[in-house]
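In order, the protein sequences belong to chains A and B. This note's numbering puts the first residue of the first sequence at -17, with every later residue one more than the last. This note's numbering puts the first residue of the second sequence at 4, with every later residue one more than the last.
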Amino acid sequence: MSLLAVAGCAPSAGGRAAGLMFVVTQVPAGSGGLRKASRLDLDGRYPLGSRVALVFAGARPGDVRVLSAGLASAGAPAVSPDGRRVLFAGRESAESRWAIFEVNLRAVWGRPRKAADLGMDCADPAYLAGEGIVFSCGHKRGPWSLYSASLKTGGVERITFGPGDAFDPAPLRDGRLLFSWADLASGRPAAALFVVNQDGTWVEAFAAAHPRDSFARRGRRTRDSGVVFVSGDAGSHGRIERVEMRRPMVRRRALATGLSDARSAEPLPDGALLLAGRSTQDGVFRWREGGRLEPLFADPRFTAAEAVPVAASGPLKGRPSTVDMARGSGTLLCYDSNQSDGVVGPHRGSPKAARVEFLAWKDGVEAPLGWSAVESDGSFLVEAPADLPIRVRTRDFRSRAVSTCGWFWVRSGEVRSCIGCHEGHERMATNRLIKALRHDARRLSPMERRDRP
Amino acid sequence: MKPLAGALVLLAAVVLAWRAAPSWHQRHLDDATGRPGTKRVSCLHCHRRVPVPPAFDGKPRPGPRYLDPEGLAVSPDGRLLFVAAEGADRLLEVDLAKAGVSRSVDIGGRPHGVALSADGRLLAVSSRDLDKVVLLDAATLAVKREVATAAEPLGVALSADGRALFAAQGAADSVLCVRLKSSDPPLHVVAGREPYALALSRDGRVLVAANRMPSPARTRDVPSSELTVVDAGQGRVADRRRLPSATLSEGVAVAADGSFALVPVLRVRNLIPTVDVARGGLMNSALAFVDLRPGGRTVQFPLDEVNAFFADPAGVALAPDGKTAFVAHGGADVVTAVDVAALRHLAASLKPAELDALQDDLGAGERYVLARIPTRSNPRAMALSPDGRRLYVSERLADSIAVIDAPGLRLLDRISLGGPETLTAERRGARRFHDGTATFQGQFSCRSCHPEGHVDALTWDFEIDGLGKEIFDPISLRGIRDTAPFKWTGKNPTLARQCGPRFSRVLMRADPFPPDQLADLVAYIESIPLLPRRLHELSAEAVERGREIFFRKRTNLGREIPKKDRCSTCHPPPLYTNRMSADVGTDGSFDAPHLSGIRYSAPYLHDDRAASIEEIWTLHNSSDTHGVSNDMNKTQLNDLVIFLRSL
């Protein structure tokens, strides 16, 4: 009731949207920010005058409560699991950095308070279990990484380390984080969905088949077993796609929402989606598969960049951390480097891996990190420096490259295992003794000249 | 002067005692254990009254009596459902039209399996603690006859004509075959380890027995459980099918013509370090399809999905037309419906390498999983109505029966069996213990490694102790209440610590249990009773001779046995553990396990290196480091083993 009064608007939407409340990012119309800006150009994405507002479905354009009052620009809102607080990115002036702000919806005259300011631009916040938050931070020229912070203690920890931009984190039902990852080393303007534990361990590609040049962002778990996301970078006309968390993982399909330019999709408690984008007009919509697009709110003075429902979504799950900062290194165990893409054994015609070399990303270049022999069953066990982007290349006995995997990292004290090299996302390990476990992990160090293949 | 002198004397005595106590304490400990430098423990560690652990002894246990429905059977006319209420020691008759219990009869000894003859006149109910199968007149529920069995009868089957009775004898590793109308002695067919469920083909020729535990194997070999195929007419083994990496098979169904069998299994990855809990890193649920024809294939079809796991498959039911099978997942509160024709097609058409890959493919279920049907807590046994239209599922920890529209694949109704409405801490803890949702993506429950609070007969490579370095088997939780510290290394002083945050980090890989749930869980674990001692199976004289050997102080040659090498030093009654660690020559110092119910917990030692109690000394004590045993003759060793089996 207090929220209703605070919103200062009388909900007039009928049907199932009645009473629906959401937070929307409003970008001044005509500023061109959404069109021109790349994903992490916050100044372009949320130009001066952009604001975060609380709105009821069916409200008139002026009947909103501006949550980012006092800030020069704001955007990227996220609602707490109890539906009472909102995080967003904002900056106090045109010259200041982007920081993370929080506002309590129940505090009628509450001003946003700064929740995190790391000395660089931060955006895309999301709530975690236990008063934790996660967000992405970076400098103007990147790269951007994910950071987790405690709202209680203020402690901040970086949790992604790859040579690329990590952004748009969102918690999954099992406690992991879904995020978008743009691999800078690949040189392609692409971003795919990845998952990582809340402590930064066990990063891996989310099991959706991504075309090489596709751009996936704003991945959000649905109420059932799916994930919806926006495909297409800012600057292109986005569309909403869905991938199943469960079988079959490779199923990825575009949703016929009726939006010509989709900018965000968030699940609603009733299973429908809250969309922001452009149809015949720009605004916020409710949409359910097989149904019509239902306009909820539009303001001709602004463009709706994102819309997030204000509703209790239930407690979030956590995952206990396995990070031990005292170690300084992590362990990597591969069960069978010859297993790849769901094929048992090496690719047809491919030789078996005899050794594996490790490459690190340092100061913007790829550099050799070390090597290890591969056991006859394809396994190897190494200890790698923590929090360093590395990738693995297997070579046959003639030193020909057999396969190369993408960038990942191990955290300090993490024990990371791989079933194979680029094995299918639905592959489970075979129950057998791993030969590499017969000896201690090989500590990686740069290859000597005589060692080089 | 006198009071002053007295005070000074008293003060001096206190100071002397204070200074002498530590060294006296240490000497006392060293003397008691026979091992110098024994780690200090409090006086109460040894000098306190400890109750004998509770056991299933046929007597009612204190507190509310939950029903714990297990085995089910439907009458031929589909009007009655017979339910073995294991917790209440009764057989319940449910009038399905009225959706309630109409009659019940006392069976005793935790009735488990139920079978009904084809004409619906004869009921067979196993009494797992009293080692008998009770035959009843289904019309009157009057006991007609009791058939003695070997230890722990579980699943039962009756031939269509009601003339032959079969019982899985879990603790005896055999299947009982009895001709009821004949004076022929009963046959005991040797099965795998712990036969649990039976199924008989419609023509009565093929009997299949699912064995719950993996068959004995060398430590770190790929474990496998057995599907025992019995020629029901002859009462002898027709085939033994291995199910590699499969364990905890608690259900079995067989095709009407006996051409194939279906067995729900836990497909374990115990040889791999417990690093990757995601993607079934420890285990996954599967349905084993076993083509029983000569040379037929055996394939374990995964029932889980890539981000959604359905822990602890238990019962299975096969539709009369053989087209659909149902699997109850006790740890996920779900019944999975499976397209059997798809299983048969895949098993027949795929190449061996493709089948190998399919068994570890979490996406495979798309090709044969039809539906997931939610149930209440801990669905276990299932029975289909004769027309195949209704599936009944015993919801063990909810004291209810789920009624499922089998062709429509949806929940229709639920029948309450009338158990206590109050939920005790033990009951809440039991639900938590059997609930897989506490682990990452619901992959497994406490019960997955401790079925019925016991052991899984597997060794696991726990990552936290170093990859490939420390291999441990789960310790039985039966009778564990007063045996702190816990864990093989004795690191955890309480069960709350054992099951707390560290456990969630190492195994569950999810949020730790909240304090209230942890307290419930501990209350349940502390309440798990021991299995019956079954002293009637053992020679009383041999037990007494074995007891003398256990407590002996001199060898056969009269040499005094050092205190540290006496059995009773580390394993003193009543718990048969001194709750201290000792190195007995098994590659480390380990907490002395309690010996109560040891007969049921093979294999032995921390890494399962001894397949039997005998092997502890015959294979792994060549230097008399684990007690002095090399002077014993075969008879003495047998007597010692028999004594231990009596505990």
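Backbone N, C-alpha and C define an ideal beta-carbon position, used for all residues, glycine too. From a predicted model like this one, the values you see are computed outputs, not experimental measurements.
Checklist line | Spatial distance of P94 (chain A) from F83 (chain A) (CA atoms) | finding: 6 Å
Notebook entry, point to check: In its own chain, which residues sit with a C-beta less than 8 Å from the C-beta of E197 (chain B), not counting the 5 before and 5 after it?
Noted result: G173, A174, D176, N214, R215, M216
Notebook entry, point to check: CB-CB under 6 Å to T41 (chain B), same chain, minus the five flanking residues each way: which ones, in chain order?
Noted result: L32, D33
Notebook entry, point to check: Between D206 (chain B) and G261 (chain B), which are expected to be in contact by the criterion C-beta below 8 Å, what is the C-beta distance as a whole number of angstroms?
Noted result: 7 Å
Check: Name the chain B residues that come within less than 7 Å of H219 (chain A), Cβ to Cβ?
Finding: Per Cβ cutoff of 7 Å: no residues; H219 (chain A) is ~30 Å from chain B at best.
Notebook entry, point to check: Do the segment 614 to 632 of chain B and the segment 528 to 539 of chain B meet, that is, are 3 or more Cβ pairs less than 8 Å apart?
Noted result: no
Margin query: By the three-class DSSP mapping on this structure, what secondary structure does V309 (chain B) have?
Written below: coil
Notebook entry, point to check: Would a check of beta-carbon distances place D634 (chain B) closer than 9 Å to chain A?
Noted result: no
Notebook entry, point to check: Going along the chain, which residues of its own chain have a beta-carbon closer than 7 Å to the beta-carbon of P371 (chain A), five neighbours each way excluded?
Noted result: F143, G144, P145, A342, W343, W389, W391
Next item on the list: Specify, as a first and last residue, the run of the alpha helix (DSSP H) that Q362 (chain B) falls within.
Entry: 355 to 362
Note to self: Based on DSSP bridge pairs, tell me the residues matched to L352 (chain A).
What the structure shows: Correcting the residue type first, residue 352 (chain A) is Gly in the shown sequence and not Leu. Paired residues: A:F340.
Checklist line | Span of the beta strand (DSSP E) around S288 (chain B) | finding: 286 to 294
Next item on the list: For my contact list, N413 (chain A) and R272 (chain B) are in at a C-beta cut-off of 8 Å; report their separation, rounded to the angstrom.
Entry: 5 Å
Notebook entry, point to check: Which class does G72 (chain A) belong to by DSSP, given the choice of helix, strand or coil?
Noted result: strand
Check: In whole angstroms, what is the alpha-carbon distance linking V343 (chain B) and F4 (chain A)?
Finding: 47 Å
Item checked: Contacts of P249 (chain A) in chain B (Cβ-Cβ under 9 Å) -> Correct list: empty, because the minimum Cβ distance to chain B is about 16 Å.
Next item on the list: Out of A:V116, A:L110, A:A89, point me to the one whose CA is closest to L100 (chain A)'s CA.
Entry: A:V116
Item checked: Where S207 (chain A) meets chain B, residues with beta-carbon distance less than 8 Å -> N310, A311
Checklist line | Contact set for D103 (chain A): own chain, Cβ-Cβ below 6 Å, skip 5 residues either direction | finding: L24, R79, W80
Note to self: I believe A88 (chain B) touches L420 (chain B) by the beta-carbon criterion, under 8 Å. Please report the beta-carbon distance rounded to the nearest angstrom.
What the structure shows: 7 Å
Notebook entry, point to check: Quick one: Cα of H597 (chain B) to Cα of P367 (chain A), how far?
Noted result: 44 Å
Next item on the list: Run down chain B in chain order and give the residues with a C-beta less than 8 Å from the C-beta of E271 (chain A).
Entry: Going along chain B, no residue has its Cβ under 8 Å from E271 (chain A), so there is no contact; the nearest lies around 20 Å.
Check: Excluding the five sequence neighbours on either side, which residues of its own chain have a C-beta within less than 6 Å of the C-beta of R424 (chain A), listed in chain order?
Finding: S354, V364
Next item on the list: Taking all protein chains shown into account, decide if G137 (chain A) is buried (16 or more other Cβ within 10 angstroms of its Cβ) or exposed.
Entry: exposed
Next item on the list: Can you grab the Cα-Cα spacing for the pair A111 (chain A) / G296 (chain A), in whole Å?
Entry: 10 Å
Next item on the list: Would you kindly work out how many angstroms separate the C-alpha atoms of V61 (chain A) and L36 (chain A), rounded to a whole number?
Entry: 11 Å
Check: When DSSP labels each residue in this structure, what does G327 (chain A) get in the three-state scheme?
Finding: Low confidence applies to G327 (chain A): its pLDDT is 42, below 50, so where it sits in the model is not reliable, and the reading given next is rough at best. G327 (chain A): coil per DSSP, three-state reduction.
Check: P251 (chain A) to R268 (chain A), Cα distance in whole Å?
Finding: 12 Å
Margin query: Using a Cβ-Cβ cutoff of less than 7 Å, which residues in the same chain neighbour V53 (chain B) once the five nearest sequence positions on both sides are dropped?
Written below: D485, P577, L578
Margin query: Under 9 Å, CB to CB, which of the residues in the segment 78 to 91 of chain A have a partner in chain B?
Written below: none
Next item on the list: Taking only the alpha-carbon atoms, compute the straight-line gap between G254 (chain B) and R375 (chain B) and give it to the nearest angstrom.
Entry: 18 Å
Item checked: Beta-carbon proximity list for P477 (chain B), same chain, < 7 Å, skipping 5 on both sides -> C452, H453, V458, D459
Check: Is the Cβ-Cβ distance between L346 (chain B) and C449 (chain B) less than 9 Å?
Finding: no
Next item on the list: Figure out for me which residue from B:L373, B:S403, B:R393, B:R392 has the closest Cα to the Cα of P382 (chain B).
Entry: B:S403
Margin query: Measuring straight from C-alpha to C-alpha, what distance separates G327 (chain A) and V341 (chain B)?
Written below: Summary for G327 (chain A): the model assigns pLDDT 42, below 50, so the residue's position carries little reliability, and this model does not support an answer.
Next item on the list: Indicate the three-state DSSP secondary structure (helix, strand or coil) for K147 (chain B) in the structure shown.
Entry: strand
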